[in-house]
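Following this line, the structure appears as structure tokens:
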């Protein structure tokens, strides 16, 4: 098995966290439209679960709860979770992969970390790597504006990468990716890591 790392991906360096949420799902069970509906429900659930984490920790530490900060963080969690789930569903390989896709949210004192892992074809992986290198080697804001223009064209809307660029430009997120080839199978597993600073 070969592995390639791009961007801010450092899962092995993450400290253990006390609060986390993990969801596994099978994206091949429902039509695309139904899957997107489920994505919204899953993102809502994840953001509500995050709220429980955050409020509980604030109370345990004796900190004053900042409602505005909590709302902003919760909205960020919902947006990122929804975008990651949509991408995983939209680009999931048509071949049935024995391991279900997984989204994982961990809560630290100073940050929130998302991971989502799913399988794509080798051809999809090649295209995705080209996009990632473009993001890493250019100004994300300029690419974001370009993607917004492209998204207005229906034929390019599903390929614009606007969701990932929005995480970087609108939410100051750090993104990283790990690509792993699978021995004997024409698939590549992709793990996307998104880090949001928690300005507590």
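Numbering (my numbering), first residue to last: -3 to 196. Ideal Cβ positions, reconstructed from N, Cα and C, are used throughout, including at glycine.
Rounded C-beta distance between residue i and residue j? I'm assuming under 8 Å.
{"i": "residue 172", "j": "residue 6", "result": "7 Å"}
{"i": "residue 157", "j": "residue 127", "result": "5 Å"}
{"i": "residue 48", "j": "residue 101", "result": "So it is not a contact: roughly 12 Å between Cβ atoms."}
{"i": "residue 136", "j": "residue 112", "result": "Incorrect: roughly 20 Å between the Cβ atoms, too far for contact."}
{"i": "residue 76", "j": "residue 46", "result": "That pair is no contact at about 10 Å."}
Measuring straight from C-alpha to C-alpha, what distance separates residue i and residue j?
{"i": "residue 139", "j": "residue 58", "result": "43 Å"}
{"i": "residue 3", "j": "residue 145", "result": "25 Å"}
{"i": "residue 129", "j": "residue 122", "result": "11 Å"}
{"i": "residue 18", "j": "residue 175", "result": "20 Å"}
{"i": "residue 141", "j": "residue 56", "result": "42 Å"}
{"i": "residue 178", "j": "residue 103", "result": "30 Å"}
{"i": "residue 97", "j": "residue 35", "result": "13 Å"}
{"i": "residue 118", "j": "residue 181", "result": "10 Å"}
{"i": "residue 15", "j": "residue -1", "result": "28 Å"}
{"i": "residue -3", "j": "residue 185", "result": "11 Å"}
{"i": "residue 152", "j": "residue 54", "result": "Only weak support exists for where residue 152 lies, its pLDDT of 48 falling under 50; the value from the coordinates is given anyway. Cα to Cα, residue 152 sits roughly 43 Å from residue 54."}
{"i": "residue 52", "j": "residue 149", "result": "44 Å"}
Quick check on this structure: which residue in the options has the alpha carbon closest to the alpha carbon of residue i?
{"i": "residue 125", "options": "56, 188, 17, 40", "result": "188"}
{"i": "residue 84", "options": "21, 180, 168, 15", "result": "21"}
{"i": "residue 194", "options": "107, 132, 182, 134", "result": "107"}
{"i": "residue 166", "options": "51, 69, 45", "result": "69"}
{"i": "residue 162", "options": "80, 63, 120, 116", "result": "80"}
What are the partner residues of residue i, as DSSP defines its beta bridges?
{"i": "residue 2", "result": "173"}
{"i": "residue 46", "result": "Looking at the DSSP assignment, residue 46 forms no beta bridge with any residue, so it has no partner."}
{"i": "residue 18", "result": "100"}
{"i": "residue 193", "result": "107"}
If we define contact as Cβ-Cβ less than 9 Å, is residue i a contact residue for chain D?
{"i": "residue 61", "result": "Of the protein chains in the structure, only one exists, and it is not chain D."}
Secondary structure, alpha helix (DSSP H): runs of 4+ residues fully inside the region 63 to 127: For the region 63 to 127, whole alpha helix (DSSP H) runs of length 4 or above, ordered along the chain, are 63 to 86.
Minimum length 4: unbroken alpha helix (DSSP H) runs contained in the region 136 to 179: Counting whole runs of 4 or more residues, the region 136 to 179 contains the alpha helix (DSSP H) stretches 136 to 147, 158 to 167.
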